[in-house]
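Residue numbers (mature numbering (1 follows the signal peptide of the UniProt record, and there is no 0)): -37 to -1, 1 to 390. What follows is a single structure, written as structure tokens, with notes after it.
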Amino acid sequence: MKSRKLSRKRRRATVVGASAAAVVAGVALIPNWSAGAAVTDDPTVDASTKATFQKLADAVFTDRTQALVDGSTSAHTRHTAGFSGSVRLSGGQTREQSSALGKLRARKTLLAKLGEKYSAGDTKVTLDATEVHGRSAKVAVTETTTLTYKKGTVPANGPKTTGFQAHHELTFKAGRHGDWQLTGIHDTDDGYLAVNQVEPPATTSTPTTPPTGGTSPSPSAPSTGGTSPSPSTPPTGTPSSPSDEGPTDAPRAATSYPAPADPKQLTGGAYDYKAMVAYAQKYWNHYNPDYPDYNGAGAGGDCTNFVSQVLKAGGWKHVPGYTDDYTKWFGNADIQSDSFVGVNEFSWFALSSKRVTPLANVYQADLGDVIQMDFDRDGSKDHSMVVTYRDGSGVPYVTYHSTNTYNRSVASLVASYPTAYFYAYRT
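Below, the structure is given as structure tokens:
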């Protein structure tokens, strides 16, 4: 989630609203449309037409996935070419698709130079909802894609696959003869590019100024045991109120490979890194109902909320207090500190509490370490991820929410975002 600038009431409403949406909709990212929305104008959209909408969407995203597969005979096959009747691509969308495939093939070449290749790809698209207004139809779909790492490009004991779930809104326009043409594709996740997506993320954040102190205590901040401390008296062993100088910002991490050695001790310490990885693997695409879901339109994204849950599962303890005090950190189903769910606030807390130390190079990250990105280099971080695997050649793999993704290599991130700033934290 981006840094939060909402009032306390608004923040509370967002938490409750996100949780309720998750319960009612089952998948918070699906727009609140009826799958059988009434059609008042011709042409009609019956079950057969909806099924063809879904099949065309599947063809579009399958083509994009196959463009990344090494040596694939279908890499230049247009699955969309089979749609030329009542449902098909518009001329403009045909050109957009061609452009996207060209960019993805270039990305495949760059990934290969970084040592990453895919031997197979599988994409499945499900239709979630259809809304028709006269001669225009909007179709919400969920894409689930898995890419198999090519043997020899990852160690034998490395991850076999990477994958993600993405949500899209497709716009169809009816022609004069009742045919439907796909005219637009909009990615609806609050997150950022999956490996087979090419549009740049829309980031509108500005550098965030941390508060110098809370205005009122959180009435229901979770306690680590016993009575919650008075907000004016920090509990023993926790950070004091923010200093006048504000928090220390994280230094940027280099993206050069290979990185200088900086090994991590994974056993015998205060935290259980295997538990962190197990939690991330369990909840990367099936969200834990014990926490709110910040995915969906306007919710801000669930990436840092997910990372905080992972760290909590591995032994990070709550530091209760004001929600907007970046030296506090807590989260449950009812309330979360800004540092639990906000990208920048998390960084401030993690550094000020000494729970992390910055890494000089993103490729030094290991299990349970956190990587953040500033996509547009505006000084405000945009995205948080947790490392769930590190291969023998020194490449970390991350898992994250928004867009739900597991075991994506740092090499893939660097290839997809060559101009982004990276930040890496040793936990």
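Just so you know, even glycine gets a beta-carbon here, dropped at the ideal spot from N, CA and C. This one's a predicted model, so the numbers in the text were calculated from it and none came from an experiment.
- Message: I need the straight-line Cα distance from F16 to Q144, nearest angstrom please.
- Response: 10 Å
- Message: For the ligand SAM, is there any heavy atom lying closer than 7 Å to the beta carbon of H346?
- Response: Looking at this structure, you won't find the ligand SAM or any other ligand, since it has none at all.
- Excluding five sequence neighbours on each side, which residues of the same chain lie with their C-beta closer than 6 Å to the C-beta of P6? A137 and G141
- Identify the residues that DSSP records as bridge partners of K136: which are they? S99 and Q144
- Between the stretch 280 to 292 and the stretch 261 to 270, are three or more C-beta pairs nearer than 8 Å? no
- Message: So, at 8 Å on beta carbons, what are the nonlocal neighbours of P321 in its own chain, with the 5 sequence-adjacent residues on each side left out?
- Response: A213, P214, A216, L314, Y386, A387, Y388 and R389
- Counting Cβ pairs, one atom from each stretch, are 3 or more of them under 8 Å apart for the stretch 96 to 114 and the stretch 64 to 83? yes
- Task: Out of T351, S372, R318 and W311, point me to the one whose CA is closest to L330's CA.
- Result: T351
- Query: Can you give the Cα-Cα distance for L90 and L229, rounded to whole angstroms?
  - Reply: 43 Å
- Message: Could you tell me the alpha carbon to alpha carbon distance between T93 and V306, rounded to whole angstroms?
- Response: 34 Å
- Query: Mind pulling the alpha helix (DSSP H) runs of 4 or more residues that sit fully within the stretch 218 to 268?
  - Reply: 236 to 246
- Message: Just to check my reading of the structure: V88 and T105 have Cβ atoms closer than 8 Å, yes? What is that Cβ distance to the nearest angstrom?
- Response: 7 Å
- Query: Taking just the CA atoms, how far does R318 sit from Y234?
  - Reply: 10 Å
- Message: With H, G and I counted as helix, E and B as strand and the rest as coil, what does DSSP make of H42?
- Response: helix
- Query: With 16 as the cutoff for other CB atoms within 10 Å, does K123 come out buried or exposed?
  - Reply: exposed
- Message: The beta strand (DSSP E) that contains S347, what's its start and end?
- Response: H346 to R353
- Query: Could you give the residue range of the alpha helix (DSSP H) that holds T57?
  - Reply: G54 to K76
- Kindly give me the distance between the Cβ atoms of V270 and V333, rounded to whole angstroms, as I take these residues to be in contact under 8 Å. 6 Å
- Task: Measure the C-alpha to C-alpha separation of T108 and A323 and round it to an integer number of angstroms.
- Result: 32 Å
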